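Structure record follows, encoded as structure tokens.
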Amino acid sequence: MKEKILLFIPGYNCEKQIVRVLNQVNHRILQYVHEIIMVNNLSTDNTEQKVIEFIEQHPEIPLKLFRNDHNYGLGGSHKTAFNYAIDNKFDYVIVLHGDDQGNIYDLVPILENETYKKYDCCLGSRFMKGSKLEGYSKIRIYGNIVFNFLFSLVVRKRIYDLGSGLNMYSISMLRSKFYVRFPDNLIFNDCMILASDYYKHNVVFFPISWREEDQVSNVKMIGLCVGLLNMAIKYFIKKREFIKSEMREEVREEYKAKVIYEGREEVKL
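For the sequence shown, position 194 matches number 194 in the UniProt record's numbering, and the numbering has no gaps at all.
Structure follows, in structure tokens:
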């Protein structure tokens, strides 16, 4: 039986980019993807309306628009989607950020060759051989390389990217929900890297293309760098205590989202 794959698109204030992202989902992608969910993290612009208009214009695409009950942050939106994938018996979840920096076609070889079946997660990398960067500042490139090197030292294996916007996870890896106590903000993916080391997940990196065009960054660089350094040190000193610890600024019992609009019925396998 064909694997049930969910495509999860998180978004916050990406009205200029979200339609371009959704337009990436063509027949070739739908050969593999069973359902698509766009999780709107309480955007204050017209992101939600743009998605509704897209659904109305493309009723053939199995797309659902979710709205988080609260502003959970990027990490919290991941938790919303991961929980949904687990509860609805998906086999895999693909993450594609809604700001149109990544390209889902970079994942197609992984899908076509069924490489994903050999690993717990396939992580896109902006900084390995075969990757392409457009409009990315040199200081951000160097900063990422430095932290990739630091985390590689901590986990004693090569880390090519701490968190791009194109990844694929096996639901069997996520089923224990080890990620729930991880930060709800932008460093969620960095915690996932350390967790994959701790739980001995089988991880592969693949090259992706990445561009900055009209995106608005929500990253506060100094705070992010301090947070990453602190995280790496804590994990290096006491792995188990760190991974099992509560890292959220606001502890939540659950991560809920409402279905605001949806297209046709799920793809039948």
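By construction, the Cβ of each residue, glycine as well, lies at the ideal position given by its N, Cα and C atoms.
Because the structure is a prediction, the values reported are computed rather than measured.
Asked, Found
"One question on the structure: do residue 307 and Ile-171 come within less than 8 Å of each other, judged by their Cβ atoms?", "A query on residue 307 cannot be resolved here, the shown segment of the chain reaching from 1 to 269 and no further."
"Determine whether the beta carbon atoms of Arg-158 and Val-108 lie at a separation below 8 Å.", "no"
"Compare the beta carbon distance of Ile-110 and Phe-206 with 8 Å and say whether it is the shorter of the two.", "yes"
"Terminal residues of the continuous beta strand (DSSP E) containing Val-93?", "92-96"
"Count the other CB atoms, across all protein chains shown, that sit within 10 Å of the CB of Arg-126; report buried if there are 16 or more and exposed otherwise.", "buried"
"Mind checking Leu-229: buried by the 16 CB within 10 Å criterion, or exposed?", "exposed"
"Going by DSSP in three states, Ile-208 sits in which element: helix, strand or coil?", "coil"
"When you compare each of Gln-17, Asn-23, Asn-13, Ile-37 to Lys-258 by their alpha carbons, which one comes out closest?", "Ile-37"
"What would DSSP say about Met-247, mapped onto helix, strand or coil?", "coil"
"Less than 8 Å between the C-beta atoms of Met-168 and Tyr-261, yes or no?", "no"
"If you compare alpha carbons, which of Ile-243, Thr-44, Tyr-235, Ser-245 is closest to Arg-156?", "Tyr-235"
"Tell me which residue opens and which closes the alpha helix (DSSP H) that Val-259 is part of.", "Careful: Val-259 lies outside any alpha helix (DSSP H), inside the beta strand (DSSP E) at 257-262."
"Just tell me which of Val-33, Arg-67, Phe-182 has its CA closest to the CA of Ile-61.", "Val-33"
"Give the DSSP bridge partners of Pro-109, in chain order.", "Beta-bridge pairing links Pro-109 to no other residue."
"Could you say which of His-78, Glu-114, Asp-190, Val-25 lies nearest to Phe-54 if we only look at CA atoms?", "Val-25"
"When the distance is taken between beta carbons, is Asn-88 closer than 8 Å to Asn-41?", "no"
"Within the chosen definition, does the region 177-196 reach the region 66-82 through at least 3 CB pairs nearer than 8 Å?", "yes"
"Measure the alpha-carbon distance for Ile-9 versus Leu-30 and round it to whole angstroms.", "15 Å"
"Using beta-carbon positions only, say whether Trp-189 and Asp-120 come within less than 8 Å of one another.", "It is Asn, not Trp, that sits at residue 189 in the sequence shown. Their beta carbons are not under 8 Å apart, which means Asn-189 does not touch Asp-120 by this criterion."
"Under 8 Å by Cβ, that's how I've got Ile-237 and Ile-94 pegged, so tell me the actual separation to the nearest angstrom.", "Their Cβ separation, rounded to whole angstroms, is 34 Å, which puts Ile-237 and Ile-94 out of contact at 8 Å."
"Report, in whole angstroms, the separation of the C-beta atoms of Ala-232 and Phe-151, which I expect to be a contact under 8 Å.", "6 Å"
"In the DSSP assignment, find the beta strand (DSSP E) that holds Glu-253 and state where it starts and stops.", "Careful: Glu-253 lies outside any beta strand (DSSP E) and carries neither H nor E."
"Measure the C-alpha to C-alpha separation of Glu-266 and Tyr-142 and round it to an integer number of angstroms.", "Residue placement at Glu-266 is poorly supported in this model, since its pLDDT is 43, which falls under 50; the coordinates still yield a value, given next. Approximately 43 Å between the Cα atoms of the pair."
"With DSSP run on the structure shown, which of helix, strand or coil describes Ile-5?", "strand"
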